[in-house]
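*Asks:* Quick one: this structure, given as C-alpha cells, is what I'll be asking you about.
In our numbering, the protein residues as written are -10 to 213.
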C-alpha cells in the first residue's frame, strides 16, 4: 500500500472524528464521500489499515483510529496545516486554493523543513481556515466552539473555523467577509425560511442560509 494513500485515509478519519469534537466511529459511506471514492474501495483499504493496527474496523460498525493510527494522522495533519498557512502568508495564494496544494506537498516535506517553516511562521496555532495546528509533540488545542447554525439571536461571537474547505465554499465565505477572526452579532434567525441574519463588526448585514451556517464554527468571548 502506498504511504500517501494510507496517510490520506488516516488523516481524513481523524478530521471526520474531530471536526465537531466527537468520538463516534466513522461510517464507511461517510469516509468514501469525503475521499471521493466508492464504499468498496474504502472497505478494502480499511482491512489493510486494520491489519497494520492503524485502525479498528468491523463490518457495519465504522472505523476508529488506534493510538498508532492517530499518531500518524496528527503528524500528517500538522504538515498539512503548516503548509496551508505558508502558502497563504508567504507564497501569497488565496485561502481557497491551498488545500489541494498542501495535499500534494504534505507527503514529501521533511521534518527538518517543516520545523523551519513552523519557526518562520512564528509557531502558529491556527491555519488559514481556523483549524488548530497540532504541536510538534502531537497535542491539539480543543477550543469551545459551536455551529453558527446553533446560535441565538442577540449572540455576539467570532467566526472561528470553516469546516468546508472546498474552493467554491471558501470563495463564497471570503466574498461575504466571514473569514475566521471576524466578530459578528446574530441579528435574526428565521428557521421557517432557513436563514440567519448576521451583522459583522464592520460592513453591511449578511443573510446566510442555515446549511452553509452549519459549516462555520463560532466562538464566544470569555465571560459570555
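No residue lacks a Cβ here, since even glycine has one placed at the ideal position from N, Cα and C.
1. Would residue 142 and residue 175 be called neighbours here (beta carbons separated by less than 8 Å)?
2. My guess is that residue 156 and residue 162 are in contact by the Cβ rule of under 8 Å, so how many angstroms apart are they, rounded?
3. DSSP state of residue 6, grouped into three classes?
4. Of the choices 194, 154, 4 and 193, whose alpha-carbon is the least far from that of residue 89?
5. What does DSSP give as the partner residues of residue 172 in its beta bridges?
6. Please go through the same chain and pick out, in chain order, the residues whose beta-carbon is closer than 8 Å to the beta-carbon of residue 7, but skip the five residues on each side of it.
7. Could you tell me which of 145, -2, 109 and 113 sits nearest to residue 59, measuring between CA atoms?
8. Please list, in chain order, all residues of the same chain as residue 144 whose beta carbon is under 6 Å from its beta carbon, the five residues on each side excluded.
9. What residue ranges within the stretch 11 to 58 form continuous beta strand (DSSP E) runs of no fewer than 3 residues, ordered along the chain?
10. Compare the C-alpha of residue 139 against each of 100, 41, 120 and 204 and name the closest.
11. Measuring only the C-alpha atoms, how far is residue 31 from residue 94?
12. Drop a sphere of 10 angstroms on the beta-carbon of residue 0, count the other beta-carbons inside from all chains shown, and report buried for 16 or more, exposed for fewer.
13. Within 10 Å of its beta-carbon, does residue 49 have 16 or more other beta-carbons around it, so buried, or fewer, so exposed?
14. When you compare only the Cα positions, how much space is there between residue 47 and residue 21?
15. If you measure between the beta carbons of residue 116 and residue 73, is that distance less than 8 Å?
16. So, at 7 Å on beta carbons, what are the nonlocal neighbours of residue 87 in its own chain, with the 5 sequence-adjacent residues on each side left out?
17. If I'm right that residue 14 touches residue 52 with Cβ under 8 Å, what's the distance once you round it to whole angstroms?
18. What is the DSSP secondary structure of residue 122, counted as helix, strand or coil?
19. Between the alpha carbons of residue 112 and residue 100, how many angstroms are there, rounded?
*Replies:* Let's see:
1. In this structure, residue 175 lies closer than 8 Å to residue 142 by Cβ.
2. At roughly 11 Å, the Cβ-Cβ gap does not stay under 8 Å, so residue 156 and residue 162 are not in contact.
3. Looking at residue 6 - three-state DSSP - the assignment turns out to be helix.
4. Minimum Cα distance to residue 89 is reached at 154.
5. 147.
6. Here the set comprises 129.
7. Comparing alpha-carbon positions, the option among 145, -2, 109 and 113 lying closest to residue 59 turns out to be -2.
8. Same-chain partners within the cutoff: 175.
9. The qualifying runs are 44 to 47 and 51 to 54.
10. That would be 204, whose Cα lies nearest to the Cα of residue 139.
11. Rounded to whole angstroms, residue 31 to residue 94 spans 23 Å at the Cα level.
12. In summary, residue 0 is buried, with 16 or more beta-carbon neighbours lying within 10 Å of its beta-carbon over all protein chains present.
13. By the neighbour-count criterion, in which a residue is buried when 16 or more other Cβ atoms sit within 10 angstroms of its Cβ, residue 49 is exposed.
14. Residue 47 and residue 21 have their C-alpha atoms some 16 Å from each other.
15. Between residue 116 and residue 73, the CB-CB gap stays under 8 Å.
16. Excluding positions up to five away in sequence, the list reads 73, 76, 77 and 117.
17. Taking 8 Å as the upper bound for CB-CB distance, residue 14 and residue 52 are in contact here, some 6 Å apart.
18. Taken through DSSP and simplified to helix, strand or coil, residue 122 comes out as coil.
19. Going by the C-alpha atoms only, they are around 15 Å apart.
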